[in-house]
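Enquirer:
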Amino acid sequence: MGMERIKKHGIDTELLEEMQNILKQMKEVKDVYSYTQLNHSFHMCLINMSKSETVKNMYLRLGWPLLRIQSVSFAKEGNIEKSINEHQLIINLLNEQKLDELSDLIVKHNEDVIVSVQKVLRS
Numbered sequence: 062m063g064m065e066r067i068k069k070h071g072i073d074t075e076l077l078e079e080m081q082n083i084l085k086q087m088k089e090v091k092d093v094y095s096y097t098q099l100n101h102s103f104h105m106c107l108i109n110m111s112k113s114e115t116v117k118n119m120y121l122r123l124g125w126p127l128l129r130i131q132s133v134s135f136a137k138e139g140n141i142e143k144s145i146n147e148h149q150l151i152i153n154l155l156n157e158q159k160l161d162e163l164s165d166l167i168v169k170h171n172e173d174v175i176v177s178v179q180k181v182l183r184s
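Residue 144 in my numbering sits at position 83 of the sequence shown, with consecutive numbering throughout.
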């Protein structure tokens, strides 16, 4: 839903620049809590780019439970590095305006977080 709206409204270059700045910070932080907060900010930029109040409200309503799930996922070794690589690819695809590829990547990105959390919960 969000990606279709980005395709319709176009890429907001100011938000893209903000995402690039957030990614720089993500690469520098060392603790899971800070990384999780930055990850949330990064995704809020994408959501704001969609100009969808419905998607924005849904994401904000998830709030703390979503942040907790993400922090569990990021606490597993290697997941922050994987996340950074995926966020860099998201920015690259936005810069190249390859929105169909971006849509596929975001679906996979979100599925990977779910799988990671499921693994942690089973152990």
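Just so you know, even glycine gets a beta-carbon here, dropped at the ideal spot from N, CA and C.
How should Gly63 be labelled, buried or exposed, when 16 other C-beta atoms within 10 angstroms of its C-beta is the threshold for buried?
Expert: Result: buried.
Enquirer: Is the number of C-beta pairs between the region 96-110 and the region 62-82 that are closer than 8 Å three or more?
Expert: Result yes; three or more Cβ-Cβ pairs closer than 8 Å.
Enquirer: Around the Cβ of His250, are there at least 16 other Cβ atoms within 10 angstroms (buried) or fewer (exposed)?
Expert: Examination of residue 250 is not possible in this model, given that the chain is present from 62 through 184 alone.
Enquirer: When burial is assigned at 16 or more other CB atoms within 10 Å of the CB, is Ser184 buried or exposed?
Expert: Burial call: exposed.
Enquirer: Which residue's Cα is closest to the Cα of Ser111: Leu155, Asn140 and Asp92?
Expert: Considering only alpha carbons, the answer is Leu155.
Enquirer: Please classify Thr97 as buried or exposed, where buried requires at least 16 other C-beta atoms within 10 Å of its C-beta.
Expert: Thr97 should be labelled buried.
Enquirer: Hey, Met87 and Ile145: beta-carbon distance below 7 Å or not?
Expert: In contact: Met87 and Ile145 (Cβ atoms closer than 7 Å).
Enquirer: List the endpoints of the continuous alpha helix (DSSP H) containing Lys68.
Expert: Start and end: Gly63 to His70.
Enquirer: DSSP on Gln81, reduced to helix/strand/coil?
Expert: Helix, per DSSP.
Enquirer: Output needed for Leu77: all residues of its chain with C-beta closer than 6 Å, excluding positions within five of it in sequence on either side, in chain order.
Expert: Answer for Leu77: Leu155, listed in chain order.
Enquirer: So Val90 and Ala136 are in contact, right, with Cβ under 8 Å, and what is the actual spacing, rounded?
Expert: Not a contact, Cβ separation roughly 14 Å.
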